[in-house]
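Before any comments, here is the structure.
In UniProt numbering, the protein residues as written are 1 to 378.
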C-alpha cells in the first residue's frame with residue numbers, strides 16, 4: 001500500500017515539475033512578448049514625440065521668418081513707437097495729476113516688460129544681465145511699495161538707490177529714448193521710472209499744493225542723514241554685490257566658463273580690448289578683473305549717493321536733476337536715430353538731387369524749343 005502511494009506521489013511530482021516547466025516557459029514567453037510590445041510602444045511614443053518636436057520647431061521657424069519680414073518688422077516698430085510715446089504721455093499725466101498713483105502705473109508696466117525681457121534675453125544668452133543691480137533695485141522698491149509700505153527707513157533707502165546709482169546708469173550705460181525699440185525703452189523704463197516713483201512719494205504733498213520751496217528745513221541731524229542716505233544704501237549695494245558674486249563665481253562658475261557666449265556685465269565691458277572700460281577694469285591685471293569690477297562699481301555707487309541729501313531736501317533741485325537725466329536719454333535717442341537713419345536719409349537726398357538734375361536739362365530743352373517756335377512764328 002505504501003509503495004503504491006509512493007509511486008503515485010512520484011508521478012504526480014513529475015507531472016507538477018513538467019507543468020511548472022511549461023508554465024515557466026509560458027511566463028518567459030509572455031514577459032518577452034510584453035517587453036517587445038512595450039519596447040515597440042516606447043519606440044512609437046519616441047517617434048511621435050520627435051515628430052511633434054520637429055513640427056513645433058518648423059512652426060517656430062516659420063513664425064520667426066514671418067516676424068523678420070520687412071513689412072512685419074516695420075509694423076512692430078510702428079506699434080512700439082506709438083506705445084512708447086503713449087507710455088511717456090500717461091506717465092507725465094499721472095505724475096502731474098495724481099502722483100500718489102504713479103506706483104500703480106510702474107508696477108503694471110514692470111511685470112509684462114520683465115517677462116518680455118527675460119524671454120528675449122534668455123534666447124540671446126543675455127539673461128545674466130538680469131542679475132545686475134538695477135533689477136535688484138526694482139525688487140527692493142516693490143517690497144517697499146506693497147509689502148513694507150510703512151517703513152520710512154526703507155523709503156529713504158529706496159530714494160537713495162533709485163536717485164543715485166540707478167538713474168545715473170542712464171549716463172553710464174548710455175540709455176536712450178528710442179521709441180520704436182522695446183529693448184531700449186525697457187532699459188530706460190527700469191532706470192528712470194523708479195526715481196519718478198520715489199520723487200512722487202517724497203514730494204506728493206508739494207505737488208498737490210503746488211508749493212516748491214528751494215530748500216526744505218532740516219529735521220534730522222548730520223549723522224542720521226549720512227546713515228540713511230549714504231551708509232545704509234551702500235550696505236544694500238554690498239549685499240547685492242555679494243549675492244551677485246556668489247551666483248556668478250560659485251553657483252554658475254562652471255556654466256559661465258563652458259559657455260563664453262553667455263553675456264554678463266563684466267564680459268560686455270571687457271569684450272573690446274581697445275575700450276576705456278576694458279583698460280580701467282584691467283588696471284590690476286586680467287586675473288583681478290572681477291575684483292576691480294566690484295571695487296569700481298562700489299566707488300561709483302558711493303559717488304552717486306553723495307548728492308542724495310540735497311535731492312531729499314530740495315524739490316526744485318530734485319526736479320532739475322531728473323530733467324537733466326531725461327535730457328541725456330533724449331539726446332542719446334536723437335543720436336541713435338540720426339546715426340541709424342542718416343545713411344538712408346542721405347541716400348534719399350541724393351536720389352532727389354539726381355532726379356532734379358535729370359529734370360533740369362529736359363526743362364532747358366523744352367524752353368529752347370518753345371523759344372525757337374516763337375521766333376519762327378514771328
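The beta carbon of each residue, even a glycine, is placed where N, CA and C say it ideally should be. Note that this is a predicted model, so its numbers are computed, not measured.
Is the Cβ-Cβ distance between residue 158 and residue 140 less than 8 Å?
To locate residue 158, count along the chain shown from 1; it is residue 158. To locate residue 140, count along the chain shown from 1; it is residue 140. Yes. Within cutoff.
Could you work out which residue in 221, 171 and 263 is closest to residue 327 when comparing CA atoms only?
What you label residue 327 is simply residue 327 of the chain shown in a count that begins at 1. Of the candidates 221, 171 and 263, the one whose C-alpha sits nearest the C-alpha of residue 327 is 171.
Please classify residue 418 as buried or exposed, where buried requires at least 16 neighbouring CB atoms within 10 angstroms.
The displayed coordinates of the chain run from 1 to 378. Any statement about residue 418 would go beyond what the structure contains.
Going by Cα to Cα distance, which pick from 308, 189 and 338 is closest to residue 87?
Working through the chain shown from its first residue, we reach residue 87 at position 87. Nearest option by C-alpha distance: 189.
Exposed or buried, which one is residue 97 when buried takes at least 16 other CB atoms within 10 Å?
Reading the chain shown from its first residue, position 97 is the one you call residue 97. So residue 97 counts as exposed.
Residue 75, buried or exposed, once every other Cβ within 10 Å from all chains shown has been counted against 16
Here residue 75 refers to the residue found at position 75 of the chain shown. With fewer than 16 Cβ atoms within 10 Å of its Cβ, residue 75 is classed as exposed.
If we ignore side chains and look at the alpha-carbon of each, how far apart do residue 144 and residue 281 end up?
Indexing the chain shown from 1 puts residue 144 at position 144. Indexing the chain shown from 1 puts residue 281 at position 281. Taking the straight line from one Cα to the other gives about 34 Å.
Please report the residue range of the alpha helix (DSSP H) in which residue 258 lies.
In the chain shown, residue 258 corresponds to position 258, counting from 1. Note, residue 258: alpha helix (DSSP H), 253 to 258.
With a threshold of 16 other CB atoms inside 10 Å of the CB of residue 128, please say whether the residue is buried or exposed.
Taking the first residue of the chain shown as position 1, residue 128 is located at position 128. Classification for residue 128: buried.
On the CB-based measure, 16 or more other CB atoms within 10 Å of its CB, does residue 283 come out buried or exposed?
As a position in the chain shown, residue 283 is number 283, starting the count at 1. Exposed: under 16 other Cβ atoms inside 10 Å.
Could you name each continuous beta strand (DSSP E) segment of 3 residues or more that falls completely within the stretch 90 to 140, going from the start of the chain to the end?
Those beta strand (DSSP E) runs which fall completely within the stretch 90 to 140 and span 3+ residues do not exist here.
Hey, which unbroken runs of the alpha helix (DSSP H) at 4 residues or more fall wholly within the stretch 216 to 295?
222 to 226, 232 to 246, 253 to 258, 265 to 269 and 276 to 281
Residue 177 and residue 333 - do their beta-carbons sit closer together than 8 Å?
Locating residue 333 in the chain shown gives position 333, where the first residue counts as 1. Locating residue 177 in the chain shown gives position 177, where the first residue counts as 1. A contact, by the Cβ cut-off of 8 Å.
So residue 152 is in the alpha helix (DSSP H); what residue range does that whole segment cover?
Counting from 1 along the chain shown, the entry for residue 152 is found at position 152. Looking at the DSSP string, the run of the alpha helix (DSSP H) that includes residue 152 is 152 to 161.
Taking DSSP as the reference, what is the three-state secondary structure of residue 196?
Translated into positions along the chain shown, residue 196 becomes position 196. Helix, per DSSP.
According to DSSP, is residue 313 part of a helix, a strand, or is it coil?
Your numbering for residue 313 matches position 313 in the chain shown. In this structure, residue 313 counts as coil in the three-state DSSP scheme.
In the DSSP assignment, find the unbroken alpha helix (DSSP H) run with residue 166 in it and report its ends.
Sequence index remark: in the chain shown, residue 166 carries index 166 (1-based). Neither: residue 166 is in no alpha helix (DSSP H) and is coded neither H nor E.
By the three-class DSSP mapping on this structure, what secondary structure does residue 203 have?
Working through the chain shown from its first residue, we reach residue 203 at position 203. DSSP places residue 203 in helix when its eight states are reduced to three.
Counting Cβ pairs closer than 8 Å, one from the stretch 91 to 108 and one from the stretch 191 to 206, do we hit at least three?
Three or more Cβ pairs closer than 8 Å define a contact, and the stretch 91 to 108 meets that threshold against the stretch 191 to 206.
Cβ contact check for the stretch 290 to 302 and the stretch 225 to 241: 3 or more pairs under 8 Å
yes
Looking only at C-alpha atoms, which of 108, 179, 117 and 204 sits nearest to residue 146?
Residue numbering aside, residue 146 sits at position 146 when the chain shown is read from its first letter. When each option's Cα is compared against that of residue 146, the closest is 108.
Residue 376: buried (16+ other C-beta within 10 angstroms of its C-beta) or exposed?
Indexing the chain shown from 1 puts residue 376 at position 376. At residue 376 the pLDDT is 45, less than 50, meaning the model places this residue with poor confidence and gives no usable figure here.
Among 192, 216 and 191, which residue has its Cα nearest to the Cα of residue 203?
The residue labelled residue 203 in the question sits at position 203 within the chain shown. Answer by Cα proximity: 216.
Suppose you measure from the CA of residue 329 to the CA of residue 94; what does that come to, to the nearest Å?
Against the chain shown, residue 329 aligns to sequence position 329. Against the chain shown, residue 94 aligns to sequence position 94. Straight-line spacing of the CA atoms in residue 329 and residue 94 works out to 21 Å.
Do residue 305 and residue 256 have their C-beta atoms within less than 8 Å of each other?
The sequence position of residue 305 within the chain shown is 305, counting from 1. The sequence position of residue 256 within the chain shown is 256, counting from 1. Cβ atoms of residue 305 and residue 256: not closer than 8 Å.
As a quick exercise: from 183, 156, 253 and 251, pick the residue whose alpha carbon is nearest that of residue 231.
Residue mapping note: residue 231 aligns to position 231 of the chain shown, counting from 1. The shortest Cα separation from residue 231 among 183, 156, 253 and 251 belongs to 156.
Per-residue burial, residue 444 [other beta carbons within 10 Å of its own, 16 or more giving buried]
Nothing about residue 444 can be read from this structure; the chain reaches only from 1 to 378.
Other residues of its chain near residue 269: CB distance less than 8 Å, five sequence neighbours each side excluded:
Counted from its first residue, the chain shown places residue 269 at position 269. Taken in chain order, the residues that qualify are 275, 277, 278, 281 and 293.
DSSP-derived helix/strand/coil call for residue 3
What you label residue 3 is simply residue 3 of the chain shown in a count that begins at 1. Any reading at residue 3 needs caution, since the residue's pLDDT is 47, under 50, leaving its predicted position unreliable; the model's value is listed next. In the structure shown, residue 3 sits in a helix (DSSP, three-state: H, G or I).
With burial defined as no fewer than 16 other Cβ atoms inside 10 Å of the residue's Cβ, what is the status of residue 169: buried or exposed?
Here residue 169 refers to the residue found at position 169 of the chain shown. That one is buried.
So, with DSSP's three-state summary, where would you put residue 174?
Here residue 174 refers to the residue found at position 174 of the chain shown. Residue 174: coil per DSSP, three-state reduction.
Would a C-beta distance cut-off of 8 Å place residue 114 and residue 137 closer than the cut-off?
For this step, residue 114 is matched to residue 114 along the chain shown. For this step, residue 137 is matched to residue 137 along the chain shown. Result no, Cβ atoms of residue 114 and residue 137 do not sit closer than 8 Å.
Measure from the alpha carbon of residue 132 to the alpha carbon of each residue in 248, 318 and 253, then state which is nearest.
Here residue 132 refers to the residue found at position 132 of the chain shown. Selected option, being the one with the closest Cα: 248.
Measure the Cβ-Cβ separation of residue 91 and residue 105 and say whether it is below 8 Å.
As a position in the chain shown, residue 91 is number 91, starting the count at 1. As a position in the chain shown, residue 105 is number 105, starting the count at 1. The answer is yes: Cβ separation under 8 Å.
Can you tell me whether residue 312 is buried or exposed, with buried defined as 16 or more other CB within 10 angstroms of its CB?
Start at 1 with the first residue of the chain shown, and residue 312 comes out as number 312. Buried is the call here.
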